[in-house]
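Numbering (the UniProt record's numbering), first residue to last: 1 to 253.
Virtual Cβ for every residue (Gly too), placed ideally from N, Cα, C.
The structure displayed is predicted, hence computed values, not measured ones.
This report refers to the structure that appears directly beneath it.
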């Protein structure tokens, strides 16, 4: 029986809007692990009340994209992508993971939920199939809860220009990081024979930006970068060839 990967239930042909859901599935693909099925679930069904989480064959649930991977690696079920890295490279990976997860993605969520136009787009994309009478109160609860959490952590208190500057910096920083090592025939950041966690983290955020219209400024920033487009295009062909929309927007122009 394959492992169950629980997420919000987006069609398999598009990336996940949740960075963490996308990151976990991307790790599986990068590690060559395909013994899983995706299951649309509610966050309340997970051990920590959030998505993603995985359910093992015996019914055991593992929560949190980072710790789920660590546990699956420990049990020998999934390959450790970072096993061959130096200690310095592992440190660099953790710094980038923290930067994306604790600074960049929360700022991205502020642009989605805090801006009325972007929020309307998000509701249309993510909740559009739900009848209006149920959709409106659900959208209200989701937005209020997310913005409350962002306010509590501090990111939600930034001004719009500060959020814009932070995300513009992120795109430039990722572009520089990708460009330091990857190139024709070697698309992985540390230029090894295979991907590592830093490729998973950076790729996951970029495709989350590209797959939705609810963060148009960041999406356009990625599309304008020839280096980022090519990098995402090559890794999408390798890991998620079913993401036809991502291949179309990042392919040669």
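C-alpha distance - residue i paired with residue j, whole-angstrom precision
i           : j           : result
residue 58  : residue 3   : 10 Å
residue 141 : residue 152 : 16 Å
residue 54  : residue 48  : 12 Å
residue 127 : residue 10  : 11 Å
residue 148 : residue 179 : 37 Å
residue 209 : residue 56  : 30 Å
residue 40  : residue 7   : 5 Å
residue 71  : residue 229 : 33 Å
residue 85  : residue 157 : 38 Å
residue 238 : residue 223 : 19 Å
residue 101 : residue 201 : 9 Å
residue 119 : residue 146 : 12 Å
residue 15  : residue 24  : 12 Å
Segment limits, beta strand (DSSP E) that includes residue i
i           : result
residue 243 : Where residue 243 is concerned, there is no enclosing beta strand (DSSP E), given that its DSSP letter is neither H nor E.
residue 7   : 3-7
residue 36  : 36-40
Cross-strand partners of residue i (DSSP beta bridge)
i          : result
residue 63 : 53
8 Å CB neighbourhood of residue i in its chain, flanking five on each side removed
i           : result
residue 104 : 166, 167, 170, 205
residue 12  : 38, 242
residue 130 : 138
CB-CB length for residue i against residue j, believed under 8 Å
i           : j           : result
residue 221 : residue 125 : Between residue 125 and residue 221 the Cβ distance is about 19 Å, and since that is not below 8 Å, they are no contact.
residue 46  : residue 61  : 7 Å
residue 155 : residue 107 : 6 Å
residue 174 : residue 110 : Actually they do not touch by this definition, with Cβ atoms about 18 Å apart.
Range of the contiguous alpha helix (DSSP H) that encloses residue i
i           : result
residue 83  : Per DSSP, residue 83 belongs to no alpha helix (DSSP H) and is neither H nor E.
residue 115 : Careful: residue 115 lies outside any alpha helix (DSSP H) and carries neither H nor E.
residue 203 : 197-210
residue 218 : 216-224
residue 75  : First-last for residue 75: undefined, no H or E at that position.
residue 27  : 19-30
residue 148 : 132-153
Own chain partners of residue i with C-beta closer than 7 Å, once the 5 adjacent residues on each side are dropped
i           : result
residue 251 : 233
residue 195 : 30, 81, 188
Beta-carbon contacts of residue i that lie in its chain and below 6 Å, excluding the five residues immediately before and after
i           : result
residue 135 : 127
residue 218 : 167, 209
residue 63  : 46, 47, 48, 53
residue 83  : none
residue 122 : 112, 214
residue 68  : 54, 62
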